[in-house]
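Participant: After the structure tokens below, expect a handful of questions from me.
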Amino acid sequence: MKRTIMKALIAGLCGMLAACAIITVNVYFPEKAVKEAYKSLDDMLLQQGEEKPAFDGQKPAEQKPAPDAGPQSRLFERLPSFALVGEAFAAENYADQLAIEISSMPEVLTAYDEMKARLPQLDALRDRGVVGETNQGLVSVHDKGKATPQDEALVKAENGNRKIVITAMAKAILKLNKQPESKAAIGQVLPKAAATYADAKREAAKPGWWMQLANGRWVQK
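For the sequence shown, the numbering used here begins at -4 and goes up steadily by one.
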């Protein structure tokens, strides 16, 4: 009798464990909004500063510096004023929500500062065909014969920063979906966040730059 009860308990426990094992995490992934959020972040945090206009002999009116002239404040200036009301965001402003959520992460702002500093060097390597954009949103050495150890170090640093941005996007998506940052949830969202970042980079690439398509094939734009 006891053996029968034990067998039934074990069978029931195994069934429960099997049921738990097949549970999947379903997270809404708004691909279009994610791509627009990436573009907004690049436009506001990665763009190089504009040259100051030449002095025309007249003394400009005295202006007080903005209280916060950091990259996050520039991003806020670009967004509509109602974008700061948190939960009251309209569905069509999902991209703005993602951009603001990510720009509030200190590690992301640091990553963008570093990427902005090396952008001229990276662009020069892309212009020469030394490196290209992968289908996972990273940079890869495309012509090893032209790459120097310094170039490879630059690629490694760039990819480290990009991984921070992509991971931040995955976390922001989970937060807006009101999902916990579990390993399973991040594992589901991260590949999509990386592929969408790659799409955004391909669209922003200049003619002649090397890029890897979703199917793995390398082409020049």
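In this text, a Cβ means the ideal position worked out from N, Cα and C, and glycines have one as well.
1. Counting along the chain, where does the alpha helix (DSSP H) carrying Gly182 start and finish?
2. Would you decide whether Asn130 is buried or exposed? Buried here means 16 or more other CB atoms lie within 10 Å of its CB.
3. Among Ala180, Val125 and Ala148, which residue has its Cα nearest to the Cα of Lys166?
4. So is Pro75 buried or exposed if we call it buried at 16+ other beta carbons inside 10 Å?
5. Cα separation between Thr30 and Leu117?
6. Taking its Cβ as the centre, do 16 or more other Cβ atoms sit within 10 Å of Glu153, making it buried, or is it exposed?
7. Excluding the 5 residues preceding and the 5 following Asn172 in the sequence, name in chain order all residues of the same chain whose CB lies nearer than 7 angstroms to its CB.
8. Please list, in chain order, all residues of the same chain as Ala193 whose beta carbon is under 7 angstroms from its beta carbon, the five residues on each side excluded.
9. At which residue ranges does the segment 79 to 146 contain complete beta strand (DSSP E) runs of 3 or more residues, listed in the order of the chain?
10. Using the three-state DSSP reduction, which class does Val150 fall into: helix, strand or coil?
11. For Asp108, which option in Val160, Asp146 and Ile95 has the closest C-alpha, if you only look at C-alpha atoms?
12. Is there contact between the segment 26 to 41 and the segment 186 to 201, where contact requires at least three CB pairs shorter than 8 angstroms?
13. Under the DSSP definition of a beta bridge, which residues are partnered with Val29?
14. Out of Leu36, Leu208 and Gln215, state which residue places its alpha-carbon closest to the alpha-carbon of Lys111.
15. Drop a sphere of 10 angstroms on the beta-carbon of Ala148, count the other beta-carbons inside from all chains shown, and report buried for 16 or more, exposed for fewer.
16. Determine the closest residue to Leu120 out of Leu93, Gln207, Gly203 and Pro101, with distance taken between C-alpha atoms.
17. In angstroms, rounded to a whole number, what distance separates the CA positions of Lys158 and Ala106?
18. To the nearest angstrom, how far is it from the Cα of Arg212 to the Cα of Trp205?
19. Arg123 and Lys139 - do their beta-carbons sit closer together than 8 angstroms?
20. Is Asp146 closer than 8 angstroms to Val125 when the C-beta atoms are compared?
21. Report the residue from Pro101, Tyr89 and Lys34 whose alpha carbon sits nearest the alpha carbon of Ala163.
22. Does the Cβ of Ala209 have 16 or more other Cβ atoms within 10 Å, making it buried, or fewer, making it exposed?
Facilitator: Reading it off the structure:
1. Sequence index remark: in the sequence shown, residue 182 carries index 187 (1-based). Its alpha helix (DSSP H) spans residues Lys178 to Ala199.
2. Start at 1 with the first residue of the sequence shown, and residue 130 comes out as number 135. Classification for Asn130: buried.
3. As a position in the sequence shown, residue 166 is number 171, starting the count at 1. Among Ala180, Val125 and Ala148, the Cα nearest to that of Lys166 belongs to Ala180.
4. Here residue 75 is taken as the residue at index 80 of the sequence shown, counted from 1. Because Pro75 carries a pLDDT of 44, less than 50, the predicted location of this residue cannot be relied on, and the following value inherits that uncertainty. Counting Cβ neighbours within 10 Å, Pro75 comes out exposed, since fewer than 16 surround it.
5. One-based indexing of the sequence shown puts residue 30 at position 35. One-based indexing of the sequence shown puts residue 117 at position 122. The displayed chain sequence assigns Lys, not Thr, to residue 30. Cα-Cα distance, rounded: 22 angstroms.
6. If you number the sequence shown from 1, residue 153 lands on position 158. Answer is buried; the Cβ neighbour count reaches 16.
7. The residue you call residue 172 lines up with position 177 of the sequence shown. The residues are Val22 and Tyr23.
8. The residue you call residue 193 lines up with position 198 of the sequence shown. Once the five neighbours on either side are set aside, the close Cβ partners of Ala193 are Glu128, Thr129, Asn130, Gln131 and Gly132.
9. 126 to 128 and 134 to 136
10. To locate residue 150, count along the sequence shown from 1; it is residue 155. Looking at Val150 - three-state DSSP - the assignment turns out to be helix.
11. Residue numbering aside, residue 108 sits at position 113 when the sequence shown is read from its first letter. Among Val160, Asp146 and Ile95, the Cα nearest to that of Asp108 belongs to Val160.
12. yes
13. Working through the sequence shown from its first residue, we reach residue 29 at position 34. Val29 pairs with nothing; no bridge assigned.
14. As a first step, residue 111 must be located in the sequence shown, where it is residue number 116. Ranking the options by Cα distance to Lys111, first place goes to Leu36.
15. Numbered from its first residue, the sequence shown carries residue 148 at position 153. Classification for Ala148: exposed.
16. Sequence index remark: in the sequence shown, residue 120 carries index 125 (1-based). If we check each option's Cα against that of Leu120, Gly203 comes out closest.
17. In the sequence shown, residue 158 corresponds to position 163, counting from 1. In the sequence shown, residue 106 corresponds to position 111, counting from 1. Spanning the two alpha carbons is a distance of roughly 9 angstroms.
18. Taking the first residue of the sequence shown as 1, we reach residue 212 at position 217. Taking the first residue of the sequence shown as 1, we reach residue 205 at position 210. Going by the C-alpha atoms only, they are around 10 angstroms apart.
19. For the purposes of this step, residue 139 is taken as the residue at position 144 of the sequence shown. For the purposes of this step, residue 123 is taken as the residue at position 128 of the sequence shown. No. Outside cutoff.
20. For the purposes of this step, residue 125 is identified with residue 130 of the sequence shown, where counting begins at 1. For the purposes of this step, residue 146 is identified with residue 151 of the sequence shown, where counting begins at 1. Contact flag set, yes.
21. Stepping through the sequence shown from its first residue, residue 163 is reached at position 168. Among Pro101, Tyr89 and Lys34, the Cα nearest to that of Ala163 belongs to Pro101.
22. Mapped onto the sequence shown, residue 209 falls at position 214. Looking at its Cβ environment, which holds fewer than 16 other Cβ atoms inside 10 Å, Ala209 is exposed.
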